[in-house]
Every structure is written in structure tokens, then in C-alpha cells.
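Residue numbers (the working numbering), protein chains in the order written: chain A, 367 to 687; chain B, 846 to 1222.
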């Protein structure tokens, strides 16, 4: 097991290098650089522009720029944001927790709801509730988050029940600690429900399909024919086996923790990574885009690795060495 | 190849009898698909949607950029049957409206004159199927009244017409994307899976680099690379290219896995024993057998491409004004002040959902139909 993990980690190295090269190349393809904007500003002199070019290494050939950037990353320096005038890592850190908070809350909602719903639907296949849930799940997986986000914002606006957009109210800093928690909690309801609905839909479909598959297996028939109670057959035998494939999904979701809410954050004004990356893409804030892209890629790859390991731990049939 | 048909020639009577009962895999799949109610519903919805896109010129009451600046953010006009005097009209009609308060966007109806909705009216010119010049549109009302069935946007452009024209972009994008990713994926995944070993290793590592990125981050970054000073159509094709660039890798990996398992099948071993060269084995025996997988994956990845395009256009990085696509139309509603006063700006989103749901229905049905494990008869 340990050997497998180490081997997988070693295999990550070329993949990570590939990720950095591709991120770097894409950014280089982009027409015009960040300094183009500054150059148009009459207040900034040509010397300042030249100095900035030299500072950021923009006057060097491509591969040198790449190697410099890579060497810095290995040392934990992701470069400097042109637009915000702060280190990229600092900028990403300031957004990372917000995105994580939103996605973790949505993930918890999703699992708490999806597994019971999936079991319910599978054990009563083709019943009215199963059909209803399955149909709702179709709608769920087909609704873009920017639409459901807008819809909920509109409803919040009309009813006045929930704050519209953002993560905190204006008077946030004046609130006591419990007031702050409550304030963020009120703001998170809309984005977390949107993401949660999407995730519940996908997860519930998977859970239902898995359980149906397991319920067709011979050992379930055996358990039934022994006269075991339905509850015991389902919860002790079937559900446990049906949950295993979901672990892979869990890993994918872990990997998507940073990127899953990208569009939604821009719709509801959640100050997370998704907002940051769109902002930097539009402003051509080179290093921020590369840093976020890299971070998103690494998280996704690690999520897959964790999924593999969890699956091996949970399912004795899977052996890697 | 003659040798393959030999047993049939030897005993034609026997096989002729069996042929009555035997069905090709395609017929079996079709039979199975027809029993899948949701898949059929999805298929019918898609046929309707694509017909709408094809006949957008006829169906749309107005042209793509027709605007009435005096009627911006006009609420949907409801066809009426009973007029102010309480008389019933068999032919639905509308009232003319006038802007009362530009700030609150309120309109008042002039109830003195009714404007009946006429069918097959002569309106703005267009070219049917991009060729035949015509002026006939399905519905319309006499000037100065307007038929804004789903309301208007901030420029006073008819939302329904723009949704209909926008469906051309939004619906075709998925098909174009898979028609690029399928050949690439089949060739790339086919070669990797068939040859295995080092070739496979290198090819898959390359594909994994693309898979390793969160798709939407990559999409955002790539769209920023697109030149901004190109026309609508060019930009649309460029978006297809970047969606395909992101999509081909995952598709290749699927094909590769499938080819890897096909390679071990007896008929491939037999073909090899008969001395067929690699190219023939790949083209005649392996790739045709991936067809069912390809169809299922394609039908399930088209909605992904549709959502990708609408997401990009929604954020202003995809199809841009004055062109319309469902995502770009929805972005007018992204401003909460606009949305709160003109909730009809959400209508394009409903079209996205309906199209994607329909594809998911159909895709699931196809998957069940082609998966022999689930086939009961």
C-alpha cells in the first residue's frame, strides 16, 4: 500500500511538470501583456515600463521565463500580482478559505441528503417518490449553476429573506463573533444550496444505480432467502457495498473543491478563487492565472490519488501490490 | 472478405430461417431505446428544439437585431381574448403600450385599439436556410403595436426572437465540439490502446495533463487567449476549438480503455491469426465495435459542451454582442437590479435546462440500450 502511494506520488512529477508547462504556454499565447495597459497610461514613463519588464523577467526568452517561474514555485514563490501589487500566494490564500468553506458546506449537505435519497429511491424502484426524485435529479444535473444562482438571488430579493450576494454584510466587522458566524451562514445559504442541489442530483443517481446493481447480486438473494429482515439485508449487506463506488466520486469532489464553484462565485459575488481567476483572466494578471490554474490542477490530481487510496482501504477486493 | 461469408453460402436455407429472428445489434438497441420512455421524450424535445433553430427565421416575430428603443425592458405581452368592453375575440390580440416611467420601466396599455395577432405575415426580410429570400414570419401584429411574447432586453430587442436565433449557436456548439473530439479521440485512444506499452504510456501521460486541469479554469484561461477583435462567427468557431481542446483527452482515455479490452477478444485474435495488418484490424474490427460507446459518450458530452459555452458566454468570454446565444442572453439578468425589475430575462436559462435535460434523457436511454448487461430481451 505504502509502496503504491509512493509510486503514485512519483508518477505525479511528470504530470505536474506537464501542468506547469501547459499553464505557462497558454498564458504566453495570450495577445498583449499586462504592461500594454500600463504603457498606454501617459503618467507612467517609458523607463518605469522597462524597469517593470525587467523586474518581471518579461524581456527574457520564453524558456528562461518558464524556468525562472518554475524555480520560484518550487521555493514556494508563485510570483507577483501585477494588478493587486501583492504576492500571488498571499492573494490566493486570502480567497482559498472562502472557496473551501463554500464547497465543504455544499459537500456535506450533498452527502447527507444524497445517500438516504438514493437508498430510498433504489429500494422503491419505479415508485412515485423514486420517479419524482429521479426527475428532480435530471433537472439538477442539467441546471447550470449560474441559472439556479440567479433564480435564488431573485427569490431572495423578492422575499427579502436572505441577503443577496457577497459573503458578509456591511456591518460585519462590528458584529460579535457569533453574529459574524450567523452573518456568513446567512450569506452562504444561496450558493451552498445551488452547489448542493447539483451535487445531490449526481450523487443520488449514482447511489441509486449502485444499490440497484448490488440488490441484483446473488449474495443479496441468499441473505433474503435465509429469512433476514429487509432492513438488515439492505443496510448491513447491500448499502455497504453500494457505497464503495461513491468513494471515487468523493475523490473527484475533493479534487473539485477549489474549482467547482467558479461560475457561481461570480454570480453571487462570493469572494473566492473562482472570482479571482476570472478577474485575473480579464486583467491578464499572468502569475495569478498561472498560480490558480496550477493549484486547481494539483488539487484535482491529489483528489484522484486520495480516491484511489480510500477505495483500496475500503474495498478489500482492490489490491495494488 | 469472401472467407467470412463462407458458412452462410454453404447452408443458405438454415441461415435464411434464422435471419427472421436474428436482429442486428443496432435493431436490438433501437428496440430497447423505444421502450425507454424518457429517452423518447428527450429525442422528441431535441427534434423540436433543432427544428426551432432551423426555422428560427420563420418562427421569430422579429429579426436578431430588430429593436424598439422606446420599449426597453418591456414585459412579456400576453395575447388576450377579451377586450376592454368585455367582448370575446376568437383571434387573440394585443394592446399597444407606451412607456410611462423609464426608471421603474412601467408601461401603460392603450385599450382603445386592439391589434389582432396575424399569422404568416410579411415582416422583416431574411433568407430561409441562409439561401431563399423571404419575408414571411409565423406571427406578427400591425404597427405600432409589438408582439413581445417573452419581453425585451435593455435595447428593446425581442427576447423570444433572440432566444430562437441564439438556439442556433447554443444547440450547434455541442454537435460541433463532439464532431471534432470524436475523430481525434478515436484515433488517439485507438492507437494508444491498440499498441499499448510505451506508446500508450506516453500518449496517455500527455492526455492526462489536460484532464488534470479543472475544466472550467482551463476554459476561462483559454478564452482569454482568443483574439477579441474578431467577428461573432470566428469567435464562435474559436470557442468550439477550445471546448474540443479540453474535451478530446477524456474521450481518448475512454476509447483507449475500451480498445484495450477489445484487443483481447477472440475475433481480433482471429483476424490477426489470419494475417490482417494492424491498420485493417483497427479500421475494420476494433473501431466499428467502439461505435456504441462513442454514441453514448457523445450524447452525454454534448450537454457538457452546451453548458460550457453558455457558462463562458454568460461571463462575457464566449459569444458576444450583437450575436446571441442562450448564455449570453442570460447575462443580461446577471445584474440584480435589472433582474428584479425584469425577471423575464431568466427565460433563456429555461431553454438551456430543457435542451440539456433532453440530451441527458436521450443519453441515458442510449446507454441502457447499448449496454447488453441491462438488456432483458
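Just so you know, even glycine gets a beta-carbon here, dropped at the ideal spot from N, CA and C.
Computed from a predicted structure; not experimentally measured.
query	result
Three-state class that DSSP yields for residue 940 of chain B in the structure shown	strand
Alpha-carbon spacing of residue 544 of chain A relative to residue 474 of chain A, whole angstroms	22 Å
Straight-line Cα distance separating residue 386 of chain A from residue 441 of chain A	15 Å
Rounded distance between the beta-carbons of residue 1163 of chain B and residue 1172 of chain B, thought under 8 Å	6 Å
Euclidean distance between Cα positions of residue 1186 of chain B and residue 950 of chain B	8 Å
Three-state class that DSSP yields for residue 905 of chain B in the structure shown	coil
Cβ-Cβ separation, residue 1007 of chain B to residue 909 of chain B (assumed contact under 8 Å), whole Å	6 Å
6 Å Cβ shell around residue 637 of chain A - same chain, five flanking residues per side excluded	464 and 533
Contacting positions in the segment 1195-1216 of chain B - beta carbon closer than 9 Å to chain A	1195, 1197, 1198, 1199, 1200, 1201, 1202, 1203, 1204, 1205, 1206 and 1209
Neighbourhood of residue 505 of chain A by C-beta distance below 8 Å, restricted to the same chain and skipping five residues each side	567
Three-state class that DSSP yields for residue 977 of chain B in the structure shown	strand
C-beta neighbour in chain A for residue 1082 of chain B, strict 8 Å	no
For residue 376 of chain A, the nearest candidate out of A/671, A/467, A/553 and A/679 (CA to CA)	A/671
Nonlocal neighbours in the same chain, by C-beta distance under 7 Å from residue 528 of chain A, ignoring five residues either side	522, 552, 555 and 556
Which residues DSSP lists as bridging residue 954 of chain B, in chain order	B/942
Cβ of residue 510 of chain A within 8 Å of any chain B Cβ	yes
For residue 927 of chain B, the first and last residue of its enclosing beta strand (DSSP E)	925-927
Assumed close pair residue 1191 of chain B, residue 516 of chain A - CB separation to whole angstroms, cut-off 8 Å	6 Å
Closest residue to residue 447 of chain A among A/656, A/674, A/579 and A/590 (Cα-Cα distance)	A/656
Residue 435 of chain A versus A/391, A/547, A/396 and A/541, residue with shortest Cα-Cα distance	A/391
Opposing strand residues paired with residue 997 of chain B [DSSP bridges]	B/1003
Touch test, the segment 1087-1104 of chain B against the segment 1133-1144 of chain B, Cβ-Cβ under 8 Å, three pairs minimum	yes
Expected contact under 8 Å - CB spacing of residue 881 of chain B and residue 993 of chain B to nearest Å	Not confirmed; about 39 Å, so no contact.
Delimiting residues of the alpha helix (DSSP H) encompassing residue 580 of chain A	543-581
Which residues DSSP lists as bridging residue 971 of chain B, in chain order	B/979
Within chain A, partners of residue 1050 of chain B - CB distance below 8 Å	380, 381 and 384
Option nearest residue 499 of chain A by Cα separation, candidates A/462, A/536, A/563 and A/512	A/563
Cβ contact (3+ pairs, closer than 8 Å) linking the segment 1201-1219 of chain B and the segment 869-885 of chain B	yes
Cβ-based burial, residue 906 of chain B [other Cβ within 10 Å; buried from 16]	buried
Residue of B/1065, B/1005, B/1059 and B/1201 minimising C-alpha distance to residue 666 of chain A	B/1059
Of the listed residues B/959, B/981 and B/953, nearest to residue 965 of chain B (C-alpha basis)	B/981
The alpha helix (DSSP H) enclosing residue 435 of chain A, as first and last residue numbers	428-440
CB contact below 8 Å: residue 497 of chain A versus chain B	no
Cα-Cα separation, residue 887 of chain B to residue 582 of chain A	28 Å
N- and C-terminal bounds of the alpha helix (DSSP H) containing residue 1077 of chain B	1077-1107
Residue burial classification, residue 1093 of chain B (beta-carbon count within 10 angstroms, cutoff 16)	buried
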